[in-house]
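Chains as they are written, first to last, in our numbering: chain A, 1 to 104; chain B, 1001 to 1104. All C-beta atoms, glycine included, are put in the ideal place defined by N, C-alpha and C. Computed from a predicted structure; not experimentally measured.
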DNA sequence: TCCATAGTTCGAATATAGTCGAACTATGGA
DNA sequence: TCCATAGTTCGACTATATTCGAACTATGGA
């Protein structure tokens, strides 16, 4: 497996996005990716959880079209698909990110 | 029970909102309430599901602070708490409603 | 008082999710 | 080639959700 496959935006449903953002761990991941302003490895996010749990959450974030993961060497670089999500669901991710930053 | 109790907005978490909106049936309810522009009874929404299922979904929508239910006679009148949600999580519900109307 | 209406609650079945250890894969470096 | 690193996959367990029929509650009207 050379690179991880990601869904096309037209395959992504609003419910997928909502579901992915309904878990505190995933919301935390999304918030950190947004604030980092650069690609982060899973390890850099370190939420004190086993690798398998983190992997599970990333899988769901990818399936929801929220996160894009590029394999670079042994690392998986993760980034939010902000622009694409914004185009498909204007305002949704942005307002969630604003709400997230207020509460944290 | 005279009237149904609703959470205060400061008790509502972003994850509650996201979770409530992650189910297609509930998203449908929210969309219809928004478009109706007036209070609707559970029955008026009629999504072809048993009363007990609808009641379950309304319970979750109420718990998330999304829906307010006023008892009037034998009917339960439901409305979105648009203004309050907008104040607490600006843009979130509104952008979801726009996305909903596009897809429907 | 009796009945119909509108919804809630209960209970049980089924399905889906979250968690985490252990084994696995892929890459890069010594 | 051997090893370490970074993540994924698998499997099992536990927890939480969804669904829906049946029984219940509350109100209004005949």
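With a contact defined as Cβ atoms closer than 8 Å, residue 21 of chain A and residue 27 of chain A qualify at about 6 Å.
Listed along chain B, the residues sitting closer than 8 Å to residue 15 of chain A by beta-carbon distance are 1021, 1022, 1023, 1024, 1027. Among the CB atoms of chain A, none fall inside 7 Å of the CB of residue 1104 of chain B. Using a Cβ-Cβ cut-off of 7 Å, residue 91 of chain A counts as an interface residue toward chain B, since at least one Cβ of chain B sits closer than that to its own. In the DSSP assignment, residue 1068 of chain B falls within the unbroken beta strand (DSSP E) covering 1067-1072.
Counting other Cβ atoms within 10 Å of its Cβ, residue 1048 of chain B stays below 16 and is therefore classed as exposed.
For residue 56 of chain A, the three-state secondary structure derived from DSSP is helix.
When beta bridges are read from the DSSP output, residue 1041 of chain B appears opposite B:1077. At a beta-carbon threshold of 7 Å, the residues of chain A lying near residue 1099 of chain B are 14, 89, 92, ordered along the chain.
Chain A places no beta carbon closer than 7 Å to that of residue 1009 of chain B, leaving this residue out of the contacts. The Cβ neighbour count for residue 1043 of chain B, taken over all protein chains shown within 10 Å, is under 16; the residue is labelled exposed.
Residue 1054 of chain B has a beta carbon lying at 7 Å or more from every beta carbon in chain A. Looking from the CA of residue 93 of chain A, the closest CA among A:104, A:81, A:103, A:45 belongs to A:81. In the displayed model, residue 31 of chain A falls within a helix according to three-state DSSP. Residue 1018 of chain B has a beta carbon lying within less than 7 Å of a beta carbon in chain A.
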